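Asks: Using the numbering used here, the letters of the sequence shown map in sequence onto residues 109 to 232. The structure is given below, and queries will be raised subsequently.
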Amino acid sequence: MKTKIISLALVMACGLLMLTGCGGKSSNNSMNPTSSGNTPVIAASVSIVNFAFSPAIVHLKVGGTVTWTNKDATPHTATDLGGSFDSGSLSTDQVFKHTFATAGTYTYHCTIHTMMPNATIIVE
Ligand SMILES: [Cu+2]
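Structure below.
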């Protein structure tokens with residue numbers, strides 16, 4: 109009787125070891141939290157939070173739309189350095205959308221806070 113219980117415990121312990129042994133596979137998809145990934149998408153969202161655009165880099169398909177939302181208590185803008193789009197001043201929770209019809213790299217910034225890091229939309 110006693111040996112039966114011990115062997116049962118051994119079987120259970122082995123089972124646990126096998127379970128934990130193959131559980132170490134982790135995802136590598138979130139290595140760069142500032143990028144939306146390299147696969148272009150048709151619709152992307154960018155939050156303006158803590159005086160930064162997040163994600164700072166968006167890969168977008170031609171014809172795709174980016175939606176910016178100001179999540180800060182202070183007003184911000186999303187203004188293309190090349191002049192192709194300008195949100196104007198966005199108050200808290202205000203949304204701005206822009207559709208990109210032409211492939212290219214669009215670097216933009218906030219005209220209110222020029223110390224905020226520039227961000228980029230890559231349309232491909
Ligand atoms: Cu700003």
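Just so you know, even glycine gets a beta-carbon here, dropped at the ideal spot from N, CA and C. Computed from a prediction, not measured in an experiment: that's the story for all the values here.
Say yes only if the C-beta of Phe159 is nearer than 7 Å to one or more non-hydrogen atoms of ligand 2, and no if none qualify.
Replies: Although ligand 2 was asked about, the structure shown includes only ligand 1 as ligands.
Asks: If we ignore side chains and look at the alpha-carbon of each, how far apart do Ser197 and Ala186 end up?
Replies: For the purposes of this step, residue 197 is taken as residue 89 along the sequence shown, with counting starting at 1. For the purposes of this step, residue 186 is taken as residue 78 along the sequence shown, with counting starting at 1. Between Ser197 and Ala186, the C-alpha separation is close to 8 Å.
Asks: Taking the C-alpha atoms as reference points, what is the distance between Asp101 and Thr215?
Replies: Because residue 101 is not part of the residues shown, which for the chain are 109 to 232, the question remains open.
Asks: Looking at His206 and ligand 1, is the gap between the Cβ and the nearest heavy atom below 7 Å?
Replies: Position 98 of the sequence shown holds residue 206. His206 Cβ: outside cutoff for every heavy atom of ligand 1.
Asks: Thinking C-beta only, is Phe204 closer than 8 Å to Leu168?
Replies: The count along the sequence shown starts at 1 and reaches residue 168 at position 60. The count along the sequence shown starts at 1 and reaches residue 204 at position 96. Contact flag unset, no.
Asks: Comparing the CB of Ile220 with every heavy atom of ligand 1, is any distance shorter than 7 Å?
Replies: Translated into the one-based positions of the sequence shown, residue 220 becomes position 112. Yes.
Asks: Whole angstroms are fine: how far does the CA of Gly145 sit from the CA of Trp176?
Replies: As a working mapping, residue 176 is identified with position 68 in the sequence shown. As a working mapping, residue 145 is identified with position 37 in the sequence shown. If you take the alpha carbons of Trp176 and Gly145, they lie about 17 Å apart.
Asks: What are the partner residues of Lys205, as DSSP defines its beta bridges?
Replies: Numbered from its first residue, the sequence shown carries residue 205 at position 97. Thr175.
Asks: For Thr219, which option in Gly212, Ile165, Phe161 has the closest C-alpha, if you only look at C-alpha atoms?
Replies: Walking along the sequence shown from the start, residue 219 turns up at place 111. Closest option to Thr219, Cα to Cα, is Phe161.
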